[in-house]
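Chemist: Numbering (my numbering), first residue to last: 122 to 363.
Glycine included, each C-beta is placed from N, C-alpha and C at the ideal position.
Before I ask anything, here is the structure I am working with.
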Ligand code: BTN
């Protein structure tokens, strides 16, 4: 495993993106930083993380996606990999919140940001950015976030957890054929936060009650409304209120 450890960087995702423009990087190169000065979250959000307390890292995966239609399956596989490792570490009440947040109970403990770069020879390089809240204890201004330490009262070894997650991602990547993808999808759906449970959603400034029934192959959520109709929504359209 080729791990590049940095004290500080703007974003580990951006660092890999810049490096691959100018030099050859091995498949599964990992860049991990103690501190990110411009950590990026989903949909233009900022990813905040206390220096030295958490895992903020990116893994370069080359040539796994043969087709951009499989992007959501890659998201699923990465979320499932993290879910599997945290389950092995006996973290309770884990779930995956659509699209790919890792929750313990109702609190977010991990997030994933995948960026795909299409090279001139049409190869797809995927930069898998992962943030896991590990030993941070104070989330005063992030009321919906938590960490492994807050949940278990135990301190975790960051290096060991990093290796565990990367090994699982590599293993699952090696089984990313159609059988593997179906298997990851099954684990994803079985552990999807609030699936088959009534909850409140916000759509175009209106709240409504609905039930998550499924997620489509291209990553859209399917929600059953009170009139029994099932409607499909994209990630930017709808918000879960919980
Ligand atoms: C989310 O919003 O849930 C996604 C968070 C992804 C954060 C990680 S931290 C390492 C990598 N580098 C970044 O700038 N972002 C990702």
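Can you give, in chain order, each stretch of the beta strand (DSSP E) that sits fully within the stretch 248-285 and has at least 3 residues?
Modeler: List check, beta strand (DSSP E) in window: nothing returned.
Chemist: Taking contact to mean 3 or more Cβ pairs, one atom from each stretch, closer than 8 Å, check whether the stretch 240-256 and the stretch 225-232 are in contact.
Modeler: Touching, per the Cβ criterion.
Chemist: Alpha helix (DSSP H) containing residue 204: first to last residue?
Modeler: Residues 192-209.
Chemist: Considering only heavy atoms of the ligand BTN, list every residue whose Cβ is less than 6 Å from one of them, following chain order.
Modeler: Chain-ordered list of matching residues: 132, 133, 134, 157, 160, 161, 162, 163, 166, 168, 177, 178, 179, 222, 232, 233, 234, 250, 251, 252.
Chemist: Among 176, 177, 170, which one has its Cα closest to the Cα of residue 263?
Modeler: The shortest Cα separation from residue 263 among 176, 177, 170 belongs to 170.
Chemist: Leaving out the 5 sequence neighbours to the left and right, which residues in its chain are closer than 6 Å to residue 173 when beta-carbon positions are compared?
Modeler: Around residue 173: 155.
Chemist: If you count every other CB in all the chains shown that lies within 10 Å of the CB of residue 191, and 16 or more means buried, which is it?
Modeler: Residue 191 comes out buried.
Chemist: With a 10 Å radius around its C-beta and 16 neighbouring C-beta atoms as the bar for buried, classify residue 246 as buried or exposed.
Modeler: Buried, because 16 or more other Cβ atoms sit within 10 Å of the Cβ of residue 246.
Chemist: At which residues does the alpha helix (DSSP H) containing residue 307 begin and terminate?
Modeler: Run containing residue 307: 299-311, per the alpha helix (DSSP H) assignment.
Chemist: Give the DSSP-derived three-state secondary structure of residue 359 in the structure shown.
Modeler: Correct three-state label for residue 359: strand.
Chemist: Per the DSSP calculation, residue 222 is bridged to which residue(s)?
Modeler: Its beta-bridge partners are 218.
Chemist: Quick check: the stretch 308-323 against the stretch 199-206, are at least 3 beta-carbon pairs closer than 8 Å?
Modeler: Because the criterion of three Cβ pairs below 8 Å is met, the stretch 199-206 and the stretch 308-323 touch.
Chemist: Of the choices 341, 149, 330, 363, whose alpha-carbon is the least far from that of residue 348?
Modeler: Among 341, 149, 330, 363, the Cα nearest to that of residue 348 is on 330.
Chemist: Compare the Cα-Cα distances from residue 318 to each of 183, 346, 209 and report the closest residue.
Modeler: Of the candidates 183, 346, 209, the one whose C-alpha sits nearest the C-alpha of residue 318 is 346.
Chemist: Do residue 334 and residue 359 have their C-beta atoms within less than 9 Å of each other?
Modeler: It is not a contact, given that the beta carbons lie outside the stated cut-off.
Chemist: With 16 other CB atoms within 10 Å as the buried threshold, where does residue 178 fall?
Modeler: Looking at its Cβ environment, which holds 16 or more other Cβ atoms inside 10 Å, residue 178 is buried.
Chemist: Taking the straight line between their C-alpha atoms, what separation do you get for residue 214 and residue 207?
Modeler: Rounded to whole angstroms, residue 214 to residue 207 spans 10 Å at the Cα level.
Chemist: Out of 124, 237, 362, state which residue places its alpha-carbon closest to the alpha-carbon of residue 327.
Modeler: Comparing Cα-Cα distances from residue 327 to each of 124, 237, 362, the minimum goes to 362.
Chemist: Is residue 139 helix, strand or coil by DSSP?
Modeler: In the structure shown, residue 139 sits in a helix (DSSP, three-state: H, G or I).
Chemist: Would you mind reading off the limits of the beta strand (DSSP E) that contains residue 331?
Modeler: Its beta strand (DSSP E) spans residues 327-336.
Chemist: According to DSSP, residue 238 sits in a beta bridge with which residue or residues?
Modeler: Per DSSP, 246.
Chemist: Since residue 225 and residue 212 are thought to touch, with beta carbons under 8 Å apart, how far apart are those beta carbons, to the nearest angstrom?
Modeler: The pair is a contact, with the Cβ atoms about 6 Å apart (cut-off 8 Å).
Chemist: Apart from the five residues on each side of it in sequence, which residues of its chain come closer than 7 Å, Cβ to Cβ, to residue 283?
Modeler: For residue 283, where only same-chain residues beyond five positions count, the Cβ hits under 7 Å are 153, 176, 178.
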